[in-house]
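There are 2 protein chains.
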Amino acid sequence: MSAPQPVDAPAPEVVRARAYLSRVAEPPAPALAAFVEQVGPVEAADRVRRGAVPEKVAAETAARRGVDRAEADLAAAEAVGARLLVPEDQDWPHWSFTAFALSGIAGLAPPVALWMRGPGRAVELSERAVAVVGARAATGYGMHIAGDFAAGLADRGFTVVSGAAIGIDGAAHRGALGVEGPTVAVLACGIDRAYPSSHTALLRRIAEVGLVVTEYPPGAVPARHRFLVRNRLLAGLAGGSLVVEAGLRSGAQRTAADARALGRLVMAVPGPVTSGMSAGCHELIRAGSLLVSRVEEVLEAVGRLGLDLATEPARPERPTDGLEPVQLLVLDALPARAARDTRWLTLEAGVPAESVRPALVELERRGLAEYREGRWQRAARKRSAPAEHVGTVAGDQG
Amino acid sequence: MSAPQPVDAPAPEVVRARAYLSRVAEPPAPALAAFVEQVGPVEAADRVRRGAVPEKVAAETAARRGVDRAEADLAAAEAVGARLLVPEDQDWPHWSFTAFALSGIAGLAPPVALWMRGPGRAVELSERAVAVVGARAATGYGMHIAGDFAAGLADRGFTVVSGAAIGIDGAAHRGALGVEGPTVAVLACGIDRAYPSSHTALLRRIAEVGLVVTEYPPGAVPARHRFLVRNRLLAGLAGGSLVVEAGLRSGAQRTAADARALGRLVMAVPGPVTSGMSAGCHELIRAGSLLVSRVEEVLEAVGRLGLDLATEPARPERPTDGLEPVQLLVLDALPARAARDTRWLTLEAGVPAESVRPALVELERRGLAEYREGRWQRAARKRSAPAEHVGTVAGDQG
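Chains A and B are the protein sequences, given in the same order. In terms of my numbering, the first sequence opens at residue 1107 and continues consecutively. In terms of my numbering, the second sequence opens at residue 1107 and continues consecutively.
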């Protein structure tokens, strides 16, 4: 209560209560989340401290309830330019977490608060967001695709949400930053930690232009289970999740499972079936996830209906496009060298005699047939010659 | 009627009639097929010759009805070791073509007869068959996959049906031949032609151990539209079609469309999204075709129910498999170097005190924890170290 608060800012005691609660239980803490929802953060913190809570809440909080480092944690966050965002704040991304309760899955408990660093507003950034996730041991192919898709999404105003890990995550963040697009990193450790250390500069850059987010209190180490628990926030903050490369048993698949449980769209990029790093993606597609091969297909799937519809991929145009069956038969019958009359062509093509001349006229109009002294032959240009010596023309697939 | 016929062999006049009919109309000839079905091949041939046929049949046959080369065609076939298989023969693959009429699509007319070369019996070979098709301009990746999948299918007794073209088709036939498995080549030209010429030896080998098939009479050239028309026979003769590589507009996609219209299963192999030769496969998968990444997945899809079920792909096993959440939390809390007591671990893990000791016992049993002079620490072996210096353990995806 020392300094005047901005209008609508949450009360300091609410922030302090949630700071305490964010350390007192190891996420996900579904019983604590429900209890806070029920009695409010200030009373919840008070009763947790005193141990005056229902049995399930006690199980989640008994070990650490005596540890109150709320003030120290808030100070530690402030020291690195971070702050604690609470659900009472107007920047809280409520929509991102409404599906958590609806999922009915205990592990999908919402965070009690979010420590964050950066100029971005969580509620805005999560409005149009895609989680781009994948393997650490990514291949060059996966890194290229992740950067490419992330750049394409960010370029269209979509926030690229990822986990700041080495591999696909890093490529995704960098792809977004490369086009000066919005990106959010969700950590599995304290906001004051740079993990992995090789991404220290990357995390600093994200905090300068986007947002770095975590539910873990300052100082928390990136323990194994926290990566999996964190993945639910990636899935929740984004409208859809895109898995770029993933092994058969991977954190990215966990993110996808969480996303599916939250009713979010799951997309996966295919790759060579000879690559173990694409095996998880293929498994996801076989299980019903959407295969995406171009960023437009992602936009179509997650974008606002009608605005981001994928355009048809460019298809090779051919002079034979739209020809009627009879015209195609006559075209195939046309000899490449020695011109023939319509009687011969009728026999060779096996079509009614009266339809041969109209067909020839259309073929000539398209530059496919040539008329020479009462006889017809194939026009030399524009038609690709067959690769082999037998036959007159060749299809795409023999 | 010169030589005695084997029991149940179709009458010579039936064979001659169908030989005539196989040249008189350019396939597909739905009106002719229906007419033959209605009045029988001998009367149909006689009435076509005289022009005494319904209007639609006349449109299909008027141009060539005066050309009767039945005897010459049968002789030409015999000269290259081929024969004419007719629906009246017990070797006729009736099942393969029943779906043609049911599809209600005019272009999917059954052949009036099949010219064939080789020791294989069509009715047997088509019983368990997969069409393996794809691009001519295949990549090394596609060629490898086609050969690999074909070998796997043929090795399990499935007939590999393909079109003998360069690229994927050739790799598929060779993959089957390499394991001495059954394979059938369906041509878009006469049985006496070797197209493409570079596959002359391959076609000879298929004719020695499998079957080369075509609906086109001897001497017919491989015209462009014939490849597309032929593709319906590929789709029909096989229980499922597997597209290995295909451009966005390709014959393989036509085969897939025919297969779908016939109620057959369509499968596609994914590849790099950066490869145009996989774009057609990805489009097929997006439209509902089954993604297959291993031959076992093909077998599961087309195989006899319950016998060829794909086994789960090998997944990396971990000593942490099956650990309960509390045990995982305790494991994560265990320091790697300085051992700690259970009180410290309770606080660090954030779990109920009474559950810490049972968790430690289980972790010790699995070789994950070590007990030393009243304190616990992480066991050194079997745990992979994190790639980065911060934190204690690392997940698959950060």
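Even for Gly, the Cβ is constructed at its ideal location relative to N, Cα and C.
Closer than 8 Å to chain A by CB, residue i
i, result
"ALA1060(B)", "It is not possible to answer for residue 1060(B), since the shown part of chain B is limited to 1107 through 1504."
"HIS1279(B)", "no"
"GLU1132(B)", "yes"
"ARG1392(B)", "yes"
"LEU1397(B)", "yes"
"ALA1183(B)", "no"
"GLY1157(B)", "no"
"PRO1458(B)", "yes"
"ASP1261(B)", "no"
"THR1434(B)", "Sequence check: residue 1434(B) is Leu here, not Thr. With 8 Å as the cut-off, LEU1434(B) counts as an interface residue toward chain A."
"VAL1379(B)", "yes"
Under the three-state DSSP convention, the category residue i falls into
i, result
"TRP1198(A)", "coil"
"THR1265(A)", "strand"
"LEU1348(A)", "strand"
"LEU1308(B)", "helix"
"TYR1126(B)", "helix"
"ARG1360(B)", "helix"
"LEU1190(B)", "strand"
"ASP1502(A)", "Here the model assigns ASP1502(A) a pLDDT of 40, short of 50, so the residue's position is not dependable, and the following value carries that caveat. Coil."
"ARG1481(B)", "strand"
"LEU1396(A)", "strand"
"ARG1171(A)", "coil"
"ARG1153(B)", "helix"
"ARG1443(B)", "coil"
"LEU1368(B)", "coil"
"PRO1104(B)", "Residue 1104(B) lies beyond the range of chain B shown here (1107 to 1504); nothing can be said about it."
"PRO1160(A)", "coil"
"VAL1457(B)", "coil"
"PRO1136(B)", "helix"
"CYS1295(B)", "coil"
"ARG1449(A)", "helix"
"ASP1114(A)", "coil"
"GLY1253(A)", "helix"
N-terminal and C-terminal residue of the alpha helix (DSSP H) that residue i is part of
i, result
"ARG1471(A)", "1462 to 1471"
"VAL1372(B)", "Where VAL1372(B) is concerned, there is no enclosing alpha helix (DSSP H), although the beta strand (DSSP E) it sits in stretches over 1371 to 1374."
"VAL1379(A)", "Taken as a continuous stretch (DSSP letters only), VAL1379(A) belongs to no alpha helix (DSSP H), as it is neither H nor E."
"VAL1404(A)", "1401 to 1408"
"ILE1274(A)", "1274 to 1284"
Min CB distance residue i to chain B below 8 Å
i, result
"ILE1251(A)", "yes"
"SER1209(A)", "no"
"SER1108(A)", "Low local confidence applies: a pLDDT of 48 at SER1108(A) is under 50, so the model's placement there is unreliable, with the coordinate-based value given in what follows. Cβ-Cβ to chain B under 8 Å: no for SER1108(A)."
"THR1452(A)", "yes"
"VAL1121(A)", "no"
"ALA1385(A)", "yes"
"HIS1200(A)", "no"
"GLY1369(A)", "no"
"LEU1308(A)", "no"
"PRO1376(A)", "yes"
"PRO1441(A)", "no"
"ALA1188(A)", "no"
"ARG1463(A)", "no"
Boundaries of the beta strand (DSSP E) in which residue i is found, first to last residue
i, result
"THR1245(B)", "Taken as a continuous stretch (DSSP letters only), THR1245(B) belongs to no beta strand (DSSP E), as it is neither H nor E."
"ARG1175(A)", "First-last for ARG1175(A): undefined, no H or E at that position."
"GLU1476(B)", "1475 to 1478"
"THR1289(A)", "1289 to 1292"
8 Å Cβ cutoff, residue i in contact with chain D
i, result
"ARG1170(A)", "As a matter of chain content, chain D is missing from the structure shown, whose protein chains are A and B."
Any non-hydrogen atom of the ligand NAP closer than 7 Å to residue i Cβ
i, result
"ALA1207(A)", "The model on display carries no ligand, and the ligand NAP is accordingly not part of it."
* Asked: Which runs of the alpha helix (DSSP H) spanning at least 4 residues fall entirely within the segment 1310 to 1342 of chain B, listed in chain order?
  -> none
* Asked: At a cut of 8 Å, does the segment 1192 to 1199 of chain A reach the segment 1220 to 1230 of chain A through at least three beta carbon pairs?
  -> yes
* To do: Indicate whether the contact test is met: 3 or more Cβ pairs, each with one atom in the segment 1370 to 1380 of chain B and one in the segment 1294 to 1310 of chain B, closer than 8 Å.
  => no
* **Given 8 Å, three or more beta-carbon pairs between the segment 1278 to 1292 of chain B and the segment 1336 to 1352 of chain B** => yes
* Asked: Considering only residues of the segment 1195 to 1241 of chain B, which uninterrupted alpha helix (DSSP H) runs meet the minimum length of 4 residues and lie entirely inside it, listed in chain order?
  -> 1200 to 1209, 1228 to 1231
* To do: Could you tell me whether the segment 1253 to 1260 of chain A touches the segment 1160 to 1167 of chain A, where touching means 3 or more Cβ pairs closer than 8 Å?
  => no
* Examine the Cβ distances between the segment 1356 to 1371 of chain B and the segment 1354 to 1363 of chain A and report whether three or more of them are shorter than 8 Å. => no
* How about the segment 1396 to 1411 of chain A and the segment 1178 to 1192 of chain B: do they share at least three Cβ pairs that are nearer than 8 Å? -> no
* To do: Please confirm if the segment 1339 to 1346 of chain B is in contact with the segment 1240 to 1253 of chain B, defined as three or more CB-CB distances below 8 Å between the two stretches.
  => no
* Given 8 Å, three or more beta-carbon pairs between the segment 1144 to 1157 of chain A and the segment 1115 to 1123 of chain A -> yes
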